[in-house]
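Protein chains in written order, with this note's numbering: chain A, 1 to 450; chain B, 1001 to 1450.
There are 2 protein chains.
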Amino acid sequence: MKHVEFELNKEFRDRFQQALDARDSEFIRSTLEEVNPADITALLYEFNGEESKYVLDILPIEVRSKIINDLDSDTRKNFLTNYSAAEITEVVNQLDSDDAADILNELPIKTSEEIIAGLDPDLKSQVIDLLRYDENVAGGLMAKELIKARADWNVVQCVEEIRKQAENVSKFYTVYVVDDADRLLGKVSLQKLILTDPRTTVKEILDDDVVSVETYLEDREVAEIMSKYDLESVPVVNVHGQLVGRITIDDVVDVITEQAEEDRQLMSGITEDVEEDDSVWRNTRARLPWLLIGILGGLISARFMGFFEREIAQITAIAFFVPLIQATGGNVGIQTSSLVVQSLVNPGFVDEGLWKRLLKVFSVALLNGFFLGLIVFGVNWLVFGNNPLNLVVSLALFFVVVFASFIGTITPIVLNRFGFNPALASGPFITTTNDLLGLGVYFLTIHLLL
Amino acid sequence: MKHVEFELNKEFRDRFQQALDARDSEFIRSTLEEVNPADITALLYEFNGEESKYVLDILPIEVRSKIINDLDSDTRKNFLTNYSAAEITEVVNQLDSDDAADILNELPIKTSEEIIAGLDPDLKSQVIDLLRYDENVAGGLMAKELIKARADWNVVQCVEEIRKQAENVSKFYTVYVVDDADRLLGKVSLQKLILTDPRTTVKEILDDDVVSVETYLEDREVAEIMSKYDLESVPVVNVHGQLVGRITIDDVVDVITEQAEEDRQLMSGITEDVEEDDSVWRNTRARLPWLLIGILGGLISARFMGFFEREIAQITAIAFFVPLIQATGGNVGIQTSSLVVQSLVNPGFVDEGLWKRLLKVFSVALLNGFFLGLIVFGVNWLVFGNNPLNLVVSLALFFVVVFASFIGTITPIVLNRFGFNPALASGPFITTTNDLLGLGVYFLTIHLLL
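Have a look at this one:
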């Protein structure tokens, strides 16, 4: 067995860079000959676009296509600007229909039309079919390549057909069985085909309990179904129940990863799908909306504190504890909403119901509020001595913890019910709300007790 | 084809609950007979532990085992307290070795010993072997069930062996080829076995470019390798290169999901792996540490503002803008660090290097700071008229945006370099730091300009 983990040590990189600078194609070719394309991709992340293209042009077209296909969408979009339409056509011709459609979707419409015109006839019709679907539905995830069989065939005929079709299908573990109108009847695993007597008909070994998805199903739902039923691939049918493609688990892993990334962005107050290496202007624009909401909250806070100008002028220390109150409200709100979001995604075996859930949140808040209030009271007592403000601050802190927990629980539940992504609730939204709430509670306590 | 999507409408749930209350086992059995176990699992989330056990006891043991295996770890742990060791043994005997080991790991040591003693001999020795491994390494993820073949066999012998071994292996797509010391030589896909002449030897169709992982490799790394090389299963070898198990993609999907959850918890300031339905005390404890750090930050803020008591007493409005400054610093810090964390996970094709990255962050910060400062200046000018404090607030805001961006960039990079999870930097850590930083910048500006 060959050693497959490819070491990207500094020495090697330097040597490789030298060869690149010298345009030593012989060295590059022989070095990379035995290397897994996925490792070459990692290596290319070290070089600039022009150098990477030079390396790829040396490699065989299958390897080159695999590497270009492996790049993430944004990187590839930039990188392919170095390529002519004819060069891209050559690459796309090597790919499965779903990967080909993904790349074509990223290119300017003019370039992609030019490339489609140059594709092999089979791939061309498959790709044209796939481009009709939105990227975020099953139709946009699926590949057209699959192995179809008829129920009245026997195993020998089935294997014959696999031999014919397998040329175009790189990896498969299942044969789908359709009727003469192409409607999905069931599936037969390769495992079963191998172990069955060759004269058996497909009908006899057919598994008709097959989970399929319709073309318009959202990618998130496809991911949920595949992980719920532990499927490594799922057939896609159109509204007439006809088999039109299949989705494999590796595409769904990408969906899951992107989804987690999207949630993280929502939690961090970034509005568009932006990456650090996007342009300065795009980065700025993606951040401004939530920052403005934060600013608005800050200005309302300022106006609100203005109402208590007299109190603050008399006892300046009142102002000192505003950061403490607000920071705690924000932290509690984010913690709570984050746990609620998590339990909305994975409901427990015994769903507790809203009231029981609120009761529990309330208990946790009482405990946390009590501890924090006590600690702050103790510290303030040591610093300021016996001052009536100590009690006010600690009491206000206690109430802020309780209210912030409540808002942190309610917000994601409400967002979820109205069809928004509840992760939105764990971001600047909850922080801004709780900043204002905390300020209100604090000054109300001051008003009542001081 | 049977309709597989099982509708959980209210009417059905009510009818089912009635049958449950009446302990109408005949209705339950006949209703669930044709239903996919994964759908029954979803249904059970509606009922309490005792009712769920009643339903499961009616179902055939294979279905019951599949459902119990599908439950998430915490739910299962609670649920299995309703079961005797003998009942659990019956369930575990139906499972693959990796799933069996997972369940045994969750049980009290006394119960699990009792169960192991009652397992079928083959499963027993496999499970005992698996229990040696930590849950978070390849050895803890792998299953022992796999199909092994020898290189000098021909395809017919290979299929014969598959027939023998397949009894214990539920799903497989690959046959692993080993030498007489059980060392991994390569693999043959079922696809290839089907399409090859039966007299061919395994050696001739063997793919020796096989990616394997060692037992001690961390689960995160296994997930990375499988998604990098697009593998649906990966063989696991021990330090001697001997084949000891295989990991399938569905287990890795779970690892990816858990990892995203862990990152989210870190970002929300929750220290332990806690779920909403854990006990009140555990929930409280998981939140306290970060809340205390926030409180500490708040107390330091209070102390710091104390130094400016005279200024605040003179111009109370100084205090009004503290929330604005701090909220913006916090939001900018989280946005920046979140993007940096993202790009640490998925590096771009051309890694920009620290200085170029900082330069860009700096440009975005300048732009955002400029816009926000201008807006706040405008609003304040409308509200307070021409006041020197307006300029101070806007200037301080500008600098806070710039500094917070800097800290948001540096913190995750430093954490990452020292081997911590950089997602830690997007949580209360950065908020607390930036609250203090913001306050410092604000009062320094006041000190210099007012």
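Backbone N, C-alpha and C define an ideal beta-carbon position, used for all residues, glycine too.
Only residues of its own chain outside the window of five on either side were considered, and among them V393, A396, L397, V400, G438, L439, V441 and Y442 have a CB closer than 8 Å to the CB of I325/A, listed in chain order.
Put simply, the segment 413–424 of chain A does not touch the segment 281–289 of chain A. Fewer than three CB pairs are less than 8 Å apart. DSSP, reduced to helix, strand and coil, places R246/A within a strand of the structure shown. When rounded, the separation of the alpha-carbon atoms in L243/A and S212/A is 9 Å. Look at the beta carbons and you see the segment 1201–1210 of chain B touching the segment 1139–1159 of chain B: at least three pairs across the two are nearer than 8 Å. Residue pairing by DSSP places G1186/B opposite V1177/B in a beta bridge. In the three-state reduction of the DSSP assignment, K148/A falls in the strand class, which pools E and B. For I446/A, no Cβ of chain B is located within less than 8 Å of the residue's own Cβ.
Look at the segment 265–332 of chain A and you find these whole runs of alpha helix (DSSP H), each 4 residues long or longer: 280–306, 309–314 and 317–320. Under the three-state reduction of DSSP output, V1222/B falls in the helix class. Per DSSP, reduced to three states, the secondary structure at A143/A is strand. By the neighbour-count criterion, in which 16 or more other beta carbons inside 10 Å mark a residue as buried, I430/A falls on the buried side. In terms of beta-carbon proximity, V332/A lines the interface with chain B, with at least one pair separated by less than 8 Å. The alpha-carbon separation between T1041/B and Q1094/B amounts to approximately 17 Å.
Against chain B, the beta carbon of T316/A has neighbours under 7 Å at E1309, I1312 and A1313, listed in chain order.
Residues of chain A whose Cβ lies closer than 9 Å to the Cβ of V1376/B are, in chain order, I295, G298 and L299.
Taking C-beta atoms under 8 Å as the contact rule, K187/A and V210/A qualify, at a distance of about 5 Å. Inter-residue distance for V35/A and I68/A is about 15 Å (C-alpha atoms, whole angstroms). Around K1360/B, the beta-carbon contacts reaching into chain A at under 7 Å are V280. In this structure I270/A is in contact with S1338/B, their Cβ atoms being roughly 7 Å apart against a cut-off of 8 Å. Residue state for P1235/B is assigned as strand, using DSSP reduced to three classes. Judged by DSSP secondary structure, L391/A falls within the alpha helix (DSSP H) whose first and last residues are P388 to R417.
V1383/B has no beta-bridge partner at all, per DSSP. Within the model, the alpha-carbon separation for F403/A versus I300/A is close to 19 Å. For Q1326/B, the closest Cβ of chain A is nearer than 8 Å.
Just so you know, the alpha carbons of D39/A and L71/A end up roughly 12 Å apart.
Per DSSP, reduced to three states, the secondary structure at V169/A is coil, with no helix or strand assignment.
Distance from the CA of E62/A to the CA of A85/A, rounded to the nearest whole angstrom, comes to 17 Å.
Sequence-distant partners of S189/A (beyond 5 residues in either direction) whose C-beta falls short of 6 Å from its own C-beta, in its chain, are T174. D122/A counts as exposed, since fewer than 16 other beta carbons sit within 10 angstroms of its beta carbon. If you draw a 10 Å sphere on the C-beta of D1263/B, you find 16 or more other C-beta atoms in it, and that means buried. Distance from the CA of G140/A to the CA of G306/A, rounded to the nearest whole angstrom, comes to 55 Å. Interface flag for I116/A against chain B is unset, since no Cβ pair is found closer than 8 Å.
Within the segment 1057–1079 of chain B, the residues whose Cβ lies closer than 9 Å to any Cβ of chain A are, in chain order, D1070, L1071, D1072, D1074, T1075, R1076, N1078 and F1079.
Going by DSSP, F1420/B is part of no alpha helix (DSSP H) at all; its letter is neither H nor E. Using beta-carbon distances, K1228/B counts as an interface residue toward chain A, with a partner under 8 Å.
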